[in-house]
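Report on the following structure.
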Amino acid sequence: MVNIEEPGISIRFWGVRGSYPTPGQHTVRHGGNTACVEVRVGGQRERTLIFDAGSGIIGLGSSLMQRSNERASLDLSLFITHAHGDHLVGFPFFTPLFDARTHLQLFGPQLAGLSIEELLVPLMSPPYFPVDIRQLPSQRMYHTVGDAQCVRWLPGEQEPMISLVDEQLPAAHDGEVRVYSNFTHSHPLNGAVTYRVEYGGCSVVYATDVEWSQGCEPSFLKFVAGADILIHDAQYTQGDYQGKQGFGHSTLRMATDVAKMAGVKELILFHHEPAYDDNQLDRMEVEARTYFARTRSACEGMEIDLTAVRNSQAEAGASGSLIPTPDA
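Using the numbering used here, the letters of the sequence shown correspond one by one to residues 6 to 333.
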């Protein structure tokens, strides 16, 4: 049996919808909460990375508090792609913010001349919210990140280091966690950041709110290349896209084209159109697999264990079977 050393990356989807929450009987299987993805990395000293703070982060917050039990501290890192409401609406209701054990590192772009701190603090302070985030017992550290940067955590260190990618970055240490950023202007009006997590030889790319009507940016293809998992915006069918070009979102065909050109191992369709019910999203998944076989549609509660995925791929390679299967 082939066995790869445990890379220790697992992914859970807490919110997969775009634009606004859509609870109801027609979205039960895929879910109606807006964007939030949890990525856990590491072994004994597991690190929790959170991508976006849509309404899905509310459920994640409750889960984190239940899991924390009697732990002395709760160390979390939240990466924001941009400041549109569907990616921030859950932030004021993120329970760990109200707990003194929480150490929260917040990362995000400077938009319209405002740092990530200047973007987030008004969202959770009067007159927009009855509780002022500056009065909460949690500890919060803000980091503005832009294009071509790398956030690094060395083994055993709680504080991140942030470097430009074009600097001479040393080879990653065993157990080092890296998150790379790539800024795209394809989302109106101020653009958005995409992120790539690397740990233990595995990689996950989170690329929502991107649009490739004029073809994919070469820098983005390079950023995505070879990823184990690509989570990519696929809000529209090709038919619906005709009236929504320029909104800053992709079609499923744009997502599958990126997956093929970048040579990723698996594609996850994300940021679902709120008007689409479960049956429509099922049909889109089936169609997407005709373009890129190893494709799945993101669903709330879906988990991906990259340890199991990589071991499965290695076993397939050892047996001489490398044919991709959609449900692998």
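Where is the CB? At the ideal position from N, CA and C, for every residue including glycine.
Range of the contiguous beta strand (DSSP E) that encloses residue i
i	result
Gly20	14 to 20
Leu274	272 to 275
Glu203	197 to 204
Val210	207 to 212
Val182	182 to 189
Leu169	166 to 169
Trp158	154 to 158
Arg301	300 to 302
Asp310	308 to 310
His148	144 to 149
6 Å Cβ shell around residue i - same chain, five flanking residues per side excluded
i	result
Ile328	Confidence at Ile328 is low in this model, with a pLDDT of 37, below 50, so the placement of that residue is unreliable and no value is reported for it.
Arg301	Ile273
Gly66	Phe99, Thr100, Pro101
Thr330	Any reading at Thr330 is ruled out, since the residue's pLDDT is 40, under 50, leaving its predicted position unreliable.
Ile236	Tyr211, Ile273, Phe275
Asp332	No answer about Asp332 holds up, because its pLDDT of 40 lies below 50 and its placement is not dependable.
Tyr281	none
Gly64	Trp19
Ser73	Leu79
Pro97	Met129, Phe134
Thr199	Asn187, Ala212
Cβ pair residue i, residue j closer than 8 Å
i	j	result
Phe56	Tyr185	no
Ala88	Leu124	yes
Phe297	Thr261	yes
Leu79	Leu93	no
Asn187	Ala153	yes
Gly36	Pro279	no
Met307	Phe18	yes
Phe103	Ser143	yes
Thr114	Val156	Strictly speaking, residue 114 in this sequence is Pro, with Thr absent from that position. No. Outside cutoff.
Val229	Val269	yes
Leu119	Leu81	no
Val21	Cys304	yes
Met259	Trp217	yes
Pro26	Thr39	yes
Asp283	Thr53	no
Ile16	Ile309	yes
Pro193	Gly248	no
Glu271	Arg299	yes
Tyr147	Glu164	no
Neighbourhood of residue i by C-beta, 8 Å cutoff - its chain only, sequence neighbours within 5 removed
i	result
Ser208	Arg201, Val202, Gly231, Ala232, Asp233, Ile234
Ser326	Residue confidence is low: Ser326 scores 40 on pLDDT, short of 50, so the model does not pin down where it sits. Its coordinate-derived value is still stated next. No residues qualify anywhere along the chain.
Glu222	Thr189, Ser191
Leu141	Leu102, Phe103
Glu290	Leu274, Thr300, Arg301, Ser302
Leu226	Val263, Met266, Ala267
Rounded distance between the beta-carbons of residue j and residue i, thought under 8 Å
i	j	result
Asp214	Ala197	5 Å
Ile14	Gly205	7 Å
Arg2	Arg106	Nothing about residue 2 can be read from this structure; the chain reaches only from 6 to 333.
Gly59	Asp91	5 Å
Other residues of its chain near residue i: CB distance less than 7 Å, five sequence neighbours each side excluded
i	result
Leu159	His178, Glu181
Tyr246	Thr256
Arg145	Leu109, Leu111
Arg34	Asp283, Cys304
Tyr241	Lys249, His254, Thr256, Glu278
Report task. Only counting runs of 4 or more residues, tell me where the alpha helix (DSSP H) segments fall wholly within the segment 43 to 122, in order along the chain. Result -> Within the segment 43 to 122, the complete alpha helix (DSSP H) runs of at least 4 residues are 61 to 73.
Requested in this report: Return the chain-ordered ranges of every alpha helix (DSSP H) run that is complete within the segment 229 to 296 and spans a minimum of 4 residues.
Outcome: Counting whole runs of 4 or more residues, the segment 229 to 296 contains the alpha helix (DSSP H) stretches 243 to 246, 257 to 267, 283 to 296.
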